[in-house]
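Those letters in the sequence shown? Residues 53 to 230, by our numbering. Beta carbons: idealized from backbone N, C-alpha and C, even for Gly. Fair warning: this is a prediction, and the values are worked out from it, not measured in the lab. Only one structure is covered here, and it is reproduced in the block below.
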Amino acid sequence: MKPGWQWPWIIVGLLGANALAVLLLIVLATHDPSHAVERDYYAKGLAWDAEQAAARAGERLGWKLALAIAPARQWGKRRIEARLVDRDGRALAGARLQLEARHLARAAEVLRTALTPLGAGRYAATLPLRRPGLWELRLVVEQGGRRWTRSLTRELEPLTGLAVPAAAGAARREGELE
Numbered sequence: 053m054k055p056g057w058q059w060p061w062i063i064v065g066l067l068g069a070n071a072l073a074v075l076l077l078i079v080l081a082t083h084d085p086s087h088a089v090e091r092d093y094y095a096k097g098l099a100w101d102a103e104q105a106a107a108r109a110g111e112r113l114g115w116k117l118a119l120a121i122a123p124a125r126q127w128g129k130r131r132i133e134a135r136l137v138d139r140d141g142r143a144l145a146g147a148r149l150q151l152e153a154r155h156l157a158r159a160a161e162v163l164r165t166a167l168t169p170l171g172a173g174r175y176a177a178t179l180p181l182r183r184p185g186l187w188e189l190r191l192v193v194e195q196g197g198r199r200w201t202r203s204l205t206r207e208l209e210p211l212t213g214l215a216v217p218a219a220a221g222a223a224r225r226e227g228e229l230e
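The structure is reproduced here in structure tokens:
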């Protein structure tokens with residue numbers, strides 16, 4: 053064998069290792085569950101003004117929402133209960149509530165459901181909110197042709213599953229009206 057025959061193979065091996073490393077990084081980057089792109093982001097961007105108007109309309113109507121998240125039950129399922137009242141504290145019956153929930157560390161995994169009316173302005177659903185930590189909850193309330201949107205952040209504790217306001221030092225306790 054000639055001296056130096058190994059150098060071309062070393063170069064080919066280094067280039068091959070680099071190609072494998074690039075492929076591995078591409079796979080890891082495209083399968084990251086914490087990375088998320090907002091669903092229908094372009095349509096939501098176009099409807100931004102309408103969404104802001106809907107949020108302001110709810111404020112003008114004086115609607116208030118209390119949200120309670122029960123401790124985890126079987127398989128990490130938690131009951132989410134909402135109480136909806138008007139400016140005078142009267143229950144808002146006959147509304148439709150849609151909920152989107154996402155853990156902030158796994159934003160690509162979005163849970164969607166409609167809350168079932170229980171009567172007296174109370175609505176509920178059960179979702180598999182298994183992970184402790186911060187959750188973003190987006191609610192859309194429709195009643196009598198009026199639409200109100202609300203986005204809340206709650207922290208779920210790993211052992212008790214009680215939801216607490218995400219802001220440090222927040223005055224509200226769980227279940228209080230916002």
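Local Cβ density within 10 Å of residue i, reported as buried at 16 or more and exposed below that
i, result
"tryptophan 115", "buried"
"tryptophan 164", "It is arginine, not tryptophan, that sits at residue 164 in the sequence shown. Arginine 164 should be labelled exposed."
"isoleucine 132", "buried"
"valine 64", "exposed"
"tyrosine 175", "buried"
"tryptophan 187", "buried"
"leucine 191", "buried"
"valine 193", "buried"
Residue i and residue j closer than 9 Å at C-beta
i, j, result
"valine 162", "alanine 99", "no"
"leucine 181", "arginine 130", "yes"
"glutamate 207", "glycine 185", "yes"
"glycine 171", "leucine 144", "no"
"alanine 118", "alanine 134", "yes"
Where residue i falls: helix, strand or coil (DSSP)
i, result
"proline 60", "helix"
"glutamate 234", "With the chain represented from 53 up to 230, any question about residue 234 goes unanswered, as that position is not in the structure."
"tryptophan 115", "coil"
"valine 193", "strand"
"valine 137", "strand"
"glutamate 103", "helix"
"leucine 24", "Residue 24 is absent from the model: the chain starts at 53 and stops at 230."
"leucine 98", "helix"
Cβ neighbours of residue i in the same chain (closer than 6 Å, five flanking residues each side left out)
i, result
"arginine 199", "Ala106"
"leucine 66", "none"
"glycine 97", "none"
Spatial neighbours of residue i in its chain, beta-carbon cut-off 7 Å, leaving aside the 5 residues before and after
i, result
"glutamate 103", "Thr201"
"glycine 68", "none"
Sequence-distant residues of its chain with Cβ nearer than 8 Å to residue i (five each side left out)
i, result
"asparagine 70", "none"
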